[in-house]
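Colleague:
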Amino acid sequence: MKICVIGAGYVGLVTAVCVSEFGHDVYCLDIDEERIEFLKKGEVPFYEPGLGELLRKNSEAGRFVFTTDRKAALHGAEIVYIAVGTPMNPDDGTVNLDFVEASAREMAPLLVEGAIVVDKSTVPVGTARKVKGILLEH
């Protein structure tokens, strides 16, 4: 099964590596080209026991791809995880959903029919409904 994880930070990378360990083909998509190039070398920018080893193992097995190419990552993906940053707004402490909403808008025209979208980001109640609305607009 092809799976796409949007966001190669802590949550996204750990999710992507663990899913690939189950034998799925995983595309880890991020807009940060520098981060993607770093990860392609098999290096992990934070400490998580065993993660680097699993990353290298699954990359070598051909089950893991890092990319900034949205079309390549989403083409044919049956499951898409949104694992992007949700920083706090400094003015009022609410969660900034700009990255989540942008991910939904950008993936909407590229999703295959029946694809499952999973939000892994830390978000408030009602975000899934908002993402669904964005996806249905396209």
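Heads up: take any position in the sequence shown, counting from 1, add 2, and you land on this note's numbering.
Note that the Cβ used here is the ideal one computed from N, Cα and C, for glycine as well.
Tell whether a beta-carbon distance below 7 Å holds between Tyr83 and Lys134.
Modeller: Their beta carbons are not under 7 Å apart, which means Tyr83 does not touch Lys134 by this criterion.
Colleague: Which parts of the stretch 34–81 are runs of the alpha helix (DSSP H), unbroken and 4 residues or longer, counting only runs that do not cross its ends?
Modeller: List check, alpha helix (DSSP H) in window: 35–42, 53–62, 72–76.
Colleague: Helix, strand or coil: which one does DSSP assign to Met3?
Modeller: Here Met3 sits in coil by DSSP.
Colleague: Name the DSSP bridge partner or partners of Met90?
Modeller: Answer is Val97.
Colleague: Among the candidates Lys73, Leu76, Val125, whose CA atom is the shortest distance from the CA of Gly95?
Modeller: With distances taken between Cα atoms, Gly95 lies closest to Val125.
Colleague: For the beta strand (DSSP E) that contains Val119, what are its first and last residues?
Modeller: Element bounds for Val119: 118–121.
Colleague: Excluding five sequence neighbours on each side, which residues of the same chain lie with their C-beta closer than 8 Å to the C-beta of Glu108?
Modeller: The answer, listed in chain order, is Arg72.
Colleague: Could you check what DSSP says for Val28 in three-state terms: helix, strand or coil?
Modeller: In this structure, Val28 counts as strand in the three-state DSSP scheme.
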